[in-house]
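Protein sequences appear in the order of chains Y and V. So the first sequence is numbered by the numbering used here: it starts at 1 and just counts up by one. So the second sequence is numbered by the numbering used here: it starts at 1 and just counts up by one.
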Amino acid sequence: MNSLFTAFASGVIFSIGLGLSGMTQPAKVTAFLDFTGNWDPSLACVMIGAITVHALLYRVIRRRPTPLFASAFSIPTRQDIDPRLVGGSALFGIGWGLGGFCPGPAVTSLASGHISVVIFVAAMIGGMYLYRVVEGLQEHGVEVRHRSPASSWLKADS
Amino acid sequence: MEQFTPLPSLIGGMLIGVSASAMLLFNGKIAGISGIVAGLLNPTKNDTLWRGVFIAGLLAGGLLLRVFSPQAFTIAISRSWVALVLAGMLVGFGTRLGNGCTSGHGVCGLSRFSPRSLIATITFVATGAAAVYVINHLLGGTL
């Protein structure tokens, strides 16, 4: 029960942070990505603020053997750079620039009721399903060559 | 540069860092939104409820913003629904293939100095910038 309360509170803090920082406004996101135009560096300040706080607290928290309300930490351990990481991130970036939304701000912005956000999030979930379909086809041997061992790439970083 | 908002963006970013740290300290989880959402689509025992509750928290915070800070939801970019569908599909598919998004790789991964997250972040900022360059400077800002 405690862990559900902290998950909910974390979600609230996360979305308030996104809203205050301006990241729920696609125009500010695309203005950050517009390096040769009317550049808005605000998103860099968001990253600096978030990473400074989390990098410091991460080191303190990881001194604990376990989290407070769970039996173990679930933290990615992979170090390899593979084509899926780069290709997936490249596709994500194109969609991010195209729509001005990444997943967190998009989900938060559903609360606005804007139809454009609803379309984006529905398509995003569709894209996640499509990935599962493609992955399922590969699992069943449609594309057996060039497979990484034991689907290790399926382990999520996030 | 006239729309640059260094202080609110820094403070908002720090709140995101607090949230990610709280998820780690209390729940032992990475606050990566694409991974949390994707996990909801493939429910497994004991690993679904916290995801739903976190997303409910995001939406609750969104409702608070809607009431107290409605300018947070200014869209102000011109995109057709076709462009939005394509963008959403690319974000959904790409974040699964690449195992993370701006939060999972950009905030959480960079904070623990993950080389994978550094490469991912450089890549999505680069292709995002390329997409915006094409739209704003070759296509006149609408799509």
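Think of the CB as a built atom: it goes at the ideal place given N, C-alpha and C, for glycine as much as any other residue. Remember, predicted model here, so these are calculated numbers, not experimental data.
Annotation for residue 33(Y): 97 place their beta carbon closer than 6 Å to its own, counting only its chain and skipping 5 residues before and after. In the structure shown, residue 15(Y) adopts helical secondary structure according to DSSP, grouped into three states.
Among the residues facing chain V, residue 121(Y) is included, as its CB has a counterpart in that chain under 8 Å away.
Inter-residue distance for residue 30(V) and residue 139(Y) is about 27 Å (C-alpha atoms, whole angstroms). The DSSP assignment places 26 to 33 as complete runs of the alpha helix (DSSP H) inside the stretch 22 to 46 of chain Y, in order along the chain (cut-off: 4 residues).
Note: residue 78(V) is bridge-paired with 142(V) in the DSSP secondary-structure output. For secondary structure counted as the alpha helix (DSSP H) over 4 or more consecutive residues, the stretch 25 to 52 of chain V holds these complete runs in sequence order: 33 to 41.
Put simply, the CB of residue 136(V) is near chain Y, with a gap under 8 Å to one of its CB atoms. With contacts defined by Cβ atoms closer than 8 Å, residue 61(Y) and residue 24(V) form a contacting pair.
In its chain, beyond the 5 residues on either side, 73 have a beta carbon closer than 7 Å to the beta carbon of residue 66(V).
Residue 45(V) has a beta carbon lying at 8 Å or more from every beta carbon in chain Y. Taking C-beta atoms under 8 Å as the contact rule, residue 9(Y) and residue 57(V) qualify, at a distance of about 6 Å. Judged by DSSP in its simplified three-state form, residue 10(V) adopts helix. Contact between the stretch 41 to 55 of chain V and the stretch 108 to 115 of chain V is absent: fewer than 3 CB-CB pairs across the two stretches fall below 8 Å. Linking residue 127(V) to residue 6(V) through their CA atoms gives a straight-line distance of about 24 Å.
Note on residue 27(V): 16 or more other CB atoms within 10 angstroms of its CB, so buried under the neighbour-count rule.
Cβ contact annotation for residue 83(V) (same chain, cutoff 8 Å, sequence separation greater than five): 143, in chain order.
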